[in-house]
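Throughout the sequence shown, residue numbering follows the numbering used here, covering 2 to 192 in sequence.
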Amino acid sequence: DMQFLDDVRVPCASCNGSRYRPEAAGIRLGGRTIVDVLALTLAEAAEVFATDRSIADRLRPFLRGGLGYLTRGQPLTTLSGGEGQRLRLGLALAEGGPRRLYVLDEPTTGLHAADVEVLIDCLDELLDGGASVVVVEHNLDLVRRADWVIDVGPEGGPEGGLVVAEGSPDLVARSAVSRTGAALRAAGMPG
Numbered sequence: 002d003m004q005f006l007d008d009v010r011v012p013c014a015s016c017n018g019s020r021y022r023p024e025a026a027g028i029r030l031g032g033r034t035i036v037d038v039l040a041l042t043l044a045e046a047a048e049v050f051a052t053d054r055s056i057a058d059r060l061r062p063f064l065r066g067g068l069g070y071l072t073r074g075q076p077l078t079t080l081s082g083g084e085g086q087r088l089r090l091g092l093a094l095a096e097g098g099p100r101r102l103y104v105l106d107e108p109t110t111g112l113h114a115a116d117v118e119v120l121i122d123c124l125d126e127l128l129d130g131g132a133s134v135v136v137v138e139h140n141l142d143l144v145r146r147a148d149w150v151i152d153v154g155p156e157g158g159p160e161g162g163l164v165v166a167e168g169s170p171d172l173v174a175r176s177a178v179s180r181t182g183a184a185l186r187a188a189g190m191p192g
């Protein structure tokens, strides 16, 4: 096995890694430079700009999506797949606009149970706004809250691809051939 060293990042000598020329980095607004503002987490920025409605309104969907810990100047390449999906979900919430279709592929992967609830609340908000949401998911908390479930199986890969059960989560839980139904029953949903 070959071992590779981690990437080495050396900050620019003239801007000290801020990505701004000294003349731009030196401009202050409300006592903060652009470098200071971009170093704030989204939650901190929401507090700092709470009285500026145009900024506060744009930050709110990202906070609802559980992304308050991200910094404003954080490169997108440093986000995990789940963070990227929640960032796009936050953008969708910020844009509003009914009659849109959102397709999410396993958005709960890697999320803490509390973050799953935050995600479900965001999806509910999109639905309340008139959007349609299609989610490929195995997390039973999300499946249980779906309006309609389509269980594809009976197995994965070449042994699958057939609709085994569909309907409300309660209806799928009553299916004798659905593995999702069996999982819902095992999790306490009456079948």
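For each residue, glycine too, the CB sits at the ideal point set by N, CA and C.
Which of the three DSSP states, helix, strand or coil, is assigned to alanine 14?
DSSP places alanine 14 in coil when its eight states are reduced to three.
Is it buried or exposed for glycine 74, if we count other Cβ within 10 angstroms and need 16 for buried?
Answer is exposed; the Cβ neighbour count stays below 16.
Just to confirm my understanding: we take glycine 18, look at its own chain, exclude 5 residues before and 5 after, and list those with CB closer than 7 Å. What are they?
Counting only Cβ-Cβ distances below 7 Å, and skipping sequence neighbours, we find Pro12.
Using CA atoms only, rank isn't needed, just tell me which of Ile28, Val153, Gly168 is closest to arginine 145.
Nearest C-alpha to arginine 145: Gly168.
Whole angstroms are fine: how far does the CA of alanine 174 sit from the CA of leucine 163?
Rounded to whole angstroms, leucine 163 to alanine 174 spans 17 Å at the Cα level.
Where do the N-terminal and C-terminal ends of the alpha helix (DSSP H) with glycine 37 fall, by residue?
Residue identity differs from the one stated: residue 37 is aspartate in this sequence, not glycine. Unbroken alpha helix (DSSP H) run through aspartate 37: 35 to 40.
On the criterion of 16 or more Cβ atoms from any shown chain inside 10 Å, does glycine 66 qualify as buried, or is it exposed?
Its Cβ being crowded by 16 or more others within 10 Å, glycine 66 is buried.
Tell me the DSSP secondary structure of valine 49 in three-state form.
Helix.
Would you grab the beta carbon distance between threonine 110 and glycine 83 for me? Rounded to a whole angstrom, and I think it's under 8 Å.
Contact holds; Cβ gap of about 6 Å.
Let me confirm a value: serine 176 is counted as buried when at least 16 other C-beta atoms fall within 10 Å, else exposed. Which label applies?
Buried: at least 16 other Cβ atoms inside 10 Å.
Quick one: complete beta strand (DSSP E) runs, 3+ long, within the segment 105 to 145?
You should have 133 to 137.
Which runs of the alpha helix (DSSP H) spanning at least 4 residues fall entirely within the segment 63 to 98, listed in chain order?
The segment 63 to 98 contains these whole alpha helix (DSSP H) runs: 82 to 96.
What whole-angstrom Cβ distance do arginine 59 and alanine 95 have, given they're in contact under 8 Å?
So it is a contact: roughly 6 Å between Cβ atoms.
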